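There are 2 protein chains.
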Amino acid sequence: MKALGTHIVCELSGCDRSTLSDIDGVRSTLMQAAREAKATIMEVAFHRFQPQGVSGVVVLAESHISIHTWPESGYAAMDFYTCGDHTNPRLAAEYAAKAFGADSVQTTEVKRGVESAKGQYTHVVLERDEPSVGRLSA
Amino acid sequence: MKALGTHIVCELSGCDRSTLSDIDGVRSTLMQAAREAKATIMEVAFHRFQPQGVSGVVVLAESHISIHTWPESGYAAMDFYTCGDHTNPRLAAEYAAKAFGADSVQTTEVKRGVESAKGQYTHVVLERDEPSVGRLSA
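If you read the protein sequences in the order shown, they are chains R and U. Residues in the first sequence are numbered from 8 upward in steps of one, following this note's numbering. Residues in the second sequence are numbered from 8 upward in steps of one, following this note's numbering.
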């Protein structure tokens, strides 16, 4: 299947709560995650909520990485979306999960920009190749 | 099903090509789409590629809206992700599809932040309630 992009939809649970509140740390982690995926950072936008929580996005030459955190629950919702054969968004997801100390991770892969007919683009949700909530390997 | 957020994954085809190249117009459309969803804009980050194409994200108090455009193909990949009962990301998607002149739209809805066990969060991909590629109603 030829797709313009690969989008990893990701829920992280059991994360380190203080890490999820630290906007500078979250921003640094996402920027390093982009580098792990071999992607190129174009723009960065983050916001720290009161009393807690961080939302932010790294716009890439190859799409984006985003995060929304709920420190009080140890939970973060992330998206790792890259285009091009030179990038691997799974490497970004693995890096971020470890950096945030997640004890479980759920991902779904969506192939974006699949040309189903001339000029008509769809996406395809792939079956997960892992348990719905799987413990990270050490 | 109780979820923290609703994420609409969206492919737009047959869009107006010049509109997809205009960074100012794309930014304005995404900001208005956020307002249509009753969301609150916190940060905005957009980038114009050479020779063409725009990527950008509006970070919301309630998650984010993103776009990546391929003007040469009339194609845009968009995500509309909001949290809270006061927002409706489908209204944002409908607004953007019309603004970009899409002649067909594919969406998949993902419920994000579904607590499956204490402190364990998952997402759930919902069956589409529409054809895989459906023409927008007038």
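Virtual Cβ for every residue (Gly too), placed ideally from N, Cα, C. All figures in this text were calculated on a predicted structure; none of them were measured in a lab.
query                                                                                                                                                                                   : result
Taking Cβ-Cβ distances below 8 angstroms as the criterion, which residues of the segment 24-54 of chain R are in contact with chain U?                                                  : 49, 50, 51, 52, 53 and 54
Of all the alpha helix (DSSP H) runs that stay within the bounds of the segment 44-118 of chain U, which reach a length of 4 or more residues?                                          : 96-106
In the DSSP output, which residue or residues are listed as bridge partners for residue 130/R?                                                                                          : Answer is none; residue 130/R lacks a bridge partner.
So, is residue 133/U buried or exposed, given that buried needs 16 or more other C-beta atoms within 10 angstroms?                                                                      : exposed
Helix, strand or coil: how does DSSP classify residue 160/U here?                                                                                                                       : With chain U represented from 8 up to 145, any question about residue 160/U goes unanswered, as that position is not in the structure.
Which residues of chain U have a Cβ atom closer than 8 angstroms to the Cβ of residue 113/R, listed in chain order?                                                                     : 128, 129 and 130
Excluding the five sequence neighbours on either side, which residues of its own chain have a C-beta within less than 6 angstroms of the C-beta of residue 22/U, listed in chain order? : 81, 83, 107, 108 and 109
If you measure between the beta carbons of residue 69/R and residue 36/R, is that distance less than 8 angstroms?                                                                       : no
Between the segment 52-79 of chain U and chain R, which residues of the former have a C-beta closer than 8 angstroms to a C-beta of the latter?                                         : 52, 53, 54, 56, 62, 63, 64, 66, 67, 68, 70, 71, 73, 75 and 77
Is residue 8/R buried or exposed, if buried means 16 or more other CB atoms sit within 10 Å of its CB?                                                                                  : exposed
Please state whether the Cβ-Cβ distance between residue 73/R and residue 61/R is less than 8 angstroms.                                                                                 : no
Tell me whether residue 92/U is buried or exposed, calling it buried when 16 or more other Cβ atoms sit within 10 Å of its Cβ.                                                          : exposed
Bridge partners for residue 37/R per DSSP, in chain order?                                                                                                                              : Per DSSP, none; premise fails for residue 37/R.
Taking 8 angstroms as the CB-CB cut-off, is residue 82/U touching chain R?                                                                                                              : yes
Whole-angstrom Cβ separation of residue 10/U and residue 97/U, contact assumed at under 8 angstroms?                                                                                    : Not really, about 15 angstroms apart at Cβ, beyond 8 angstroms.
For residue 108/R, decide whether its Cβ has a neighbour in chain U, counting only Cβ atoms nearer than 8 angstroms.                                                                    : no
At 8 angstroms on the CB atoms, spell out the chain U contacts of residue 101/R, in chain order.                                                                                        : Going along chain U, no residue has its Cβ under 8 angstroms from residue 101/R, so there is no contact; the nearest lies around 18 angstroms.
Measuring CA to CA, which of 27/R, 50/R and 100/R is closest to residue 75/R?                                                                                                           : 27/R
Do we get a CB-CB distance below 8 angstroms when we pair residue 18/U with the residues of chain R?                                                                                    : yes
Would you tell me roughly how many angstroms separate the C-alpha atoms of residue 142/U and residue 56/U, rounded to the nearest one?                                                  : With a pLDDT of 45 at residue 142/U, under the threshold of 50, the predicted position of this residue should be treated as unreliable, though the coordinate-derived value follows. One C-alpha to the other measures close to 29 angstroms.
From the beta carbon of residue 91/U, is the nearest beta carbon of chain R less than 8 angstroms away?                                                                                 : no
Here's the rule: buried if 16 or more other CB atoms are within 10 angstroms of the residue's CB, otherwise exposed. What is residue 89/U?                                              : buried
Under DSSP, the beta strand (DSSP E) around residue 22/U begins and ends at which residues?                                                                                             : Careful: residue 22/U lies outside any beta strand (DSSP E) and carries neither H nor E.
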